[in-house]
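Asks: As you go down the protein sequences, you meet chains A and B in turn. In terms of this note's numbering, the first sequence opens at residue 77 and continues consecutively. In terms of this note's numbering, the second sequence opens at residue 77 and continues consecutively. Heads up, the beta-carbon is just placed ideally off N, CA and C, and yes, glycines get one too. Because the structure is a prediction, the values reported are computed rather than measured. Right, I'll just put the structure down here and ask away after.
2 protein chains.
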Amino acid sequence: MNYMINISFDGSGYSGWQRLKENDNTIQGKIENCLTQMCGRKITVDGCGRTDAGVHAYNYVVSFLLPEEKEPCEIKSYLNRYLPKDINVSECKRADERFHARLNVRKKTYCYRIWNSEEHNVFNRRYMYEFDGTLDVEKMEEAAKLFCGTFDFAGFSTGKKTKKSTVRTIFSVEIKKLGSEIQIEYTGTGFLYNMVRIMTGTLIEIGNGKRVIESINEIFETGKRELAGYTVPAKGLFLKEVIY
Amino acid sequence: MNYMINISFDGSGYSGWQRLKENDNTIQGKIENCLTQMCGRKITVDGCGRTDAGVHAYNYVVSFLLPEEKEPCEIKSYLNRYLPKDINVSECKRADERFHARLNVRKKTYCYRIWNSEEHNVFNRRYMYEFDGTLDVEKMEEAAKLFCGTFDFAGFSTGKKTKKSTVRTIFSVEIKKLGSEIQIEYTGTGFLYNMVRIMTGTLIEIGNGKRVIESINEIFETGKRELAGYTVPAKGLFLKEVIY
Chain A
77 MNYMINISFD
87 GSGYSGWQRL
97 KENDNTIQGK
107 IENCLTQMCG
117 RKITVDGCGR
127 TDAGVHAYNY
137 VVSFLLPEEK
147 EPCEIKSYLN
157 RYLPKDINVS
167 ECKRADERFH
177 ARLNVRKKTY
187 CYRIWNSEEH
197 NVFNRRYMYE
207 FDGTLDVEKM
217 EEAAKLFCGT
227 FDFAGFSTGK
237 KTKKSTVRTI
247 FSVEIKKLGS
257 EIQIEYTGTG
267 FLYNMVRIMT
277 GTLIEIGNGK
287 RVIESINEIF
297 ETGKRELAGY
307 TVPAKGLFLK
317 EVIY
Chain B
77 MNYMINISFD
87 GSGYSGWQRL
97 KENDNTIQGK
107 IENCLTQMCG
117 RKITVDGCGR
127 TDAGVHAYNY
137 VVSFLLPEEK
147 EPCEIKSYLN
157 RYLPKDINVS
167 ECKRADERFH
177 ARLNVRKKTY
187 CYRIWNSEEH
197 NVFNRRYMYE
207 FDGTLDVEKM
217 EEAAKLFCGT
227 FDFAGFSTGK
237 KTKKSTVRTI
247 FSVEIKKLGS
257 EIQIEYTGTG
267 FLYNMVRIMT
277 GTLIEIGNGK
287 RVIESINEIF
297 ETGKRELAGY
307 TVPAKGLFLK
317 EVIY
């Protein structure tokens, strides 16, 4: 029987989603261990994508097959009882047998949170990147338009060069100003390693007057990572939504 | 010149407000060190009250005399630049020369936050007490009324017996249900050591059916701490407002 769960997690304490070896400190590892314990036999799960170490999720989707039928509410309760408190299961449902959390993704939305003030955001400081220089949001919005479309994003990634395609489609980049907080939301088919964080660093440099908007074209043309902005910290990044 | 500042802080990493010796890990200590550095001579400050280790504040008031006149916005900027990120100065003003942050307090409001769900509140888990038993909020509201008035709260405190009065006046106890979160707000003239946390533990035991409402009368009559409920964890407690 195939199931899907929606989870949220605080990624601060983890080396990311993807399990690499037994008992490593990954979110996948915690969930697999928990389901394995529940079923008395080894269970593996598929997540909707890799997230880097320290990245959070408001809504991450996981699918898995269980050898025996169980009530979804039972699975949810069991997981919430035994998972660490920085991972929460908000929903569990039976899924179509062909459903796969990663292979069926159509769109994903990531949100990057910036705290732009000389004051400290005491209670959310673990979930925002504090940048207290000036930021021209209109300029950032203008620049953000250049990311929308289908392009080779190689210059916006720190992944090793492989034969895999680095072409991705971004549907929208929305910038919201909520008091001293600036949120940048990226919706696209998929994102390369560090891509959202490098695009955000590039937008911040533009908003701060350290870089011109047109520099984005050159990064696309050359594919050179060193021409793009810095990689902003993982702690401000959240996977917000996955559309199938 | 006399000044007052409003601060918020995440108390998780501190042994409370009150400085006990040089370079201890207290909020008072951090602020005094910072102002001393700014003025080039030793500055001491008065806070609006002691807060226990691990207790937070949305709005805590501090007053202090500086040897030389400074612009309030300069003081605020300096403090926010050099204080740790878990303490924020939201306002700085010149104060009447007779103003004293502790002696002039008329009312204080504390808020205790309970997360009442089998799910985890991933991003606020450091600032709520997770209690997943059932809670009858109406019963808790009925019981809370018994706290309102002027009484000897000795039984609701773990302070050592001293000659100081343990009589306090509570004006109101409000219980709010916001989804899975329950907030209990206590407004009074002042509170004894651990008093809000023991009253909250007592209300939780009543809401959970482990204790009857009338037991509160007996705690008042005998003044015996062991008859009251347990001391709930500091992490759910916030100083919310101080009225002068």
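Return the residue from the list B:N135, B:M216, B:N180 and B:R201 that minimises the CA-CA distance to S88 of chain B.
Replies: The residue given as residue 88 of chain B occupies position 12 in the second sequence. S88 of chain B has its Cα closest to that of B:R201, out of B:N135, B:M216, B:N180 and B:R201.
Asks: Under the DSSP definition of a beta bridge, which residues are partnered with K253 of chain B?
Replies: Along the second sequence, one-based indexing puts residue 253 of chain B at 177. Paired residue(s): B:I258.
Asks: Within a Cβ cutoff of 7 Å, which residues of the same chain sit near A304 of chain A, ignoring the five residues on either side of it in sequence?
Replies: Residue mapping note: residue 304 of chain A aligns to position 228 of the first sequence, counting from 1. So the qualifying residues of the chain are G231, F232, I274, T278 and I295.
Asks: Are the CB atoms of G105 of chain A and A129 of chain A within a distance shorter than 8 Å?
Replies: By 1-based counting over the first sequence, the position of residue 129 of chain A is 53. By 1-based counting over the first sequence, the position of residue 105 of chain A is 29. Cβ atoms of A129 of chain A and G105 of chain A: not closer than 8 Å.
Asks: At the level of alpha carbons, what is the spacing between K311 of chain B and V318 of chain B?
Replies: Locating residue 311 of chain B in the second sequence gives position 235, counting from the first residue. Locating residue 318 of chain B in the second sequence gives position 242, counting from the first residue. Computed Cα separation, rounded: 20 Å.
Asks: Residues of chain A with CB under 8 Å from I163 of chain B, in chain order?
Replies: Residue mapping note: residue 163 of chain B aligns to position 87 of the second sequence, counting from 1. By Cβ distance, chain A contributes H196 and V198.
Asks: Apart from the five residues on each side of it in sequence, which residues of its chain come closer than 8 Å, Cβ to Cβ, to T120 of chain B?
Replies: Within the second sequence, residue 120 of chain B is the residue found at index 44, counting from 1. Closer than 8 Å at Cβ, skipping near neighbours: E108 and F140.
Asks: Give me the Cα-Cα distance between S241 of chain B and N270 of chain B, rounded to the nearest whole angstrom.
Replies: By 1-based counting over the second sequence, the position of residue 241 of chain B is 165. By 1-based counting over the second sequence, the position of residue 270 of chain B is 194. Cα atoms of S241 of chain B and N270 of chain B: separation of roughly 15 Å, rounded to the nearest angstrom.
Asks: Rounded to a whole number of angstroms, what is the C-alpha to C-alpha distance between G235 of chain A and G125 of chain A?
Replies: Counting from one through the first sequence, the residue named residue 235 of chain A turns up at place 159. Counting from one through the first sequence, the residue named residue 125 of chain A turns up at place 49. Roughly 15 Å between the two C-alpha positions.
Asks: If Y186 of chain B and V288 of chain B are in contact, beta carbons under 8 Å, what's the gap, nearest whole angstrom?
Replies: Here residue 186 of chain B refers to the residue found at position 110 when the second sequence is read from its first residue. Here residue 288 of chain B refers to the residue found at position 212 when the second sequence is read from its first residue. Between V288 of chain B and Y186 of chain B the Cβ distance is about 25 Å, and since that is not below 8 Å, they are no contact.
Asks: Can you tell me whether C174 of chain A is buried or exposed? The criterion is at least 16 other CB atoms within 10 Å of its CB, across all chains shown.
Replies: The sequence position of residue 174 of chain A within the first sequence is 98, counting from 1. Correcting the residue identity first, residue 174 of chain A is Arg in this sequence and not Cys. When all chains shown are included, R174 of chain A counts as exposed.
Asks: Let me check understanding here. Comparing Cα to Cα, which of A:M114, A:Y136, A:G123 and A:E145 lies closest to N78 of chain A?
Replies: Numbered from its first residue, the first sequence carries residue 78 of chain A at position 2. With distances taken between Cα atoms, N78 of chain A lies closest to A:E145.
Asks: Among residues of its own chain, excluding the 5 on either side of A404 of chain B, which ones have a beta-carbon nearer than 7 Å to its beta-carbon?
Replies: Summary: the structure shown does not reach residue 404 of chain B, with chain B confined to residues 77 through 320, and so no result is reported for it.
Asks: What residues match up with I319 of chain A in a beta bridge as DSSP calls it?
Replies: Here residue 319 of chain A corresponds to residue number 243 of the first sequence, with the count starting at 1. In DSSP, I319 of chain A forms a bridge with A:K183.
Asks: Nearest by alpha-carbon distance to E218 of chain B: which of B:S256, B:I260, B:W191 and B:N192 is it?
Replies: Working through the second sequence from its first residue, we reach residue 218 of chain B at position 142. E218 of chain B has its Cα closest to that of B:I260, out of B:S256, B:I260, B:W191 and B:N192.
Asks: Would you say N135 of chain B reaches chain A, if we count a Cβ-Cβ gap shorter than 8 Å as a contact?
Replies: As a working mapping, residue 135 of chain B is identified with position 59 in the second sequence. So no, N135 of chain B is outside the interface.
Asks: Starting from the beta carbon of F85 of chain A, find every residue of chain B whose beta carbon is closer than 9 Å, and list them in chain order.
Replies: Numbered from its first residue, the first sequence carries residue 85 of chain A at position 9. Against chain B, a Cβ distance below 9 Å from F85 of chain A picks out V198.
Asks: Determine the extent of the beta strand (DSSP E) in which I83 of chain B is found, giving its start and end residues.
Replies: The sequence position of residue 83 of chain B within the second sequence is 7, counting from 1. Run containing I83 of chain B: N78 to F85, per the beta strand (DSSP E) assignment.
Asks: Consult DSSP for F227 of chain A and reduce its assignment to one of helix, strand or coil.
Replies: Taking the first residue of the first sequence as position 1, residue 227 of chain A is located at position 151. Assignment of F227 of chain A by DSSP, reduced to helix, strand and coil, places it in the strand class.
Asks: State yes or no: is the C-beta of S256 of chain B within less than 8 Å of the C-beta of E214 of chain B?
Replies: For this step, residue 256 of chain B is matched to residue 180 along the second sequence. For this step, residue 214 of chain B is matched to residue 138 along the second sequence. Their beta carbons are not under 8 Å apart, which means S256 of chain B does not touch E214 of chain B by this criterion.
Asks: Near V243 of chain A, which residues of its chain fall below 6 Å by C-beta distance, leaving aside the five closest residues on each side in sequence?
Replies: Here residue 243 of chain A is taken as the residue at index 167 of the first sequence, counted from 1. Once the five neighbours on either side are set aside, the close Cβ partners of V243 of chain A are D228.
Asks: Would S256 of chain A pass as an interface residue toward chain B - the criterion being a Cβ-Cβ separation below 8 Å?
Replies: Numbered from 1 along the first sequence, position 180 holds the residue referred to as residue 256 of chain A. No, S256 of chain A lies away from the interface with chain B (no Cβ there is under 8 Å from its Cβ).
Asks: If L211 of chain B sits next to I258 of chain B, beta carbons under 8 Å apart, how far is it from one beta carbon to the other, in whole angstroms?
Replies: For this step, residue 211 of chain B is matched to residue 135 along the second sequence. For this step, residue 258 of chain B is matched to residue 182 along the second sequence. With 8 Å as the limit, L211 of chain B and I258 of chain B qualify as a contact, their Cβ atoms being about 7 Å apart.
Asks: Around the C-beta of Y136 of chain A, are 16 or more other C-beta atoms found within 10 angstroms, so that it is buried, or is it exposed?
Replies: Locating residue 136 of chain A in the first sequence gives position 60, where the first residue counts as 1. Answer is buried; the Cβ neighbour count reaches 16.
Asks: Suppose only complete runs of 4+ residues qualify. What are the alpha helix (DSSP H) ranges in the region 107–178 of chain B, listed by chain order?
Replies: Segments of the alpha helix (DSSP H) lying fully in the region 107–178 of chain B: 148–158.
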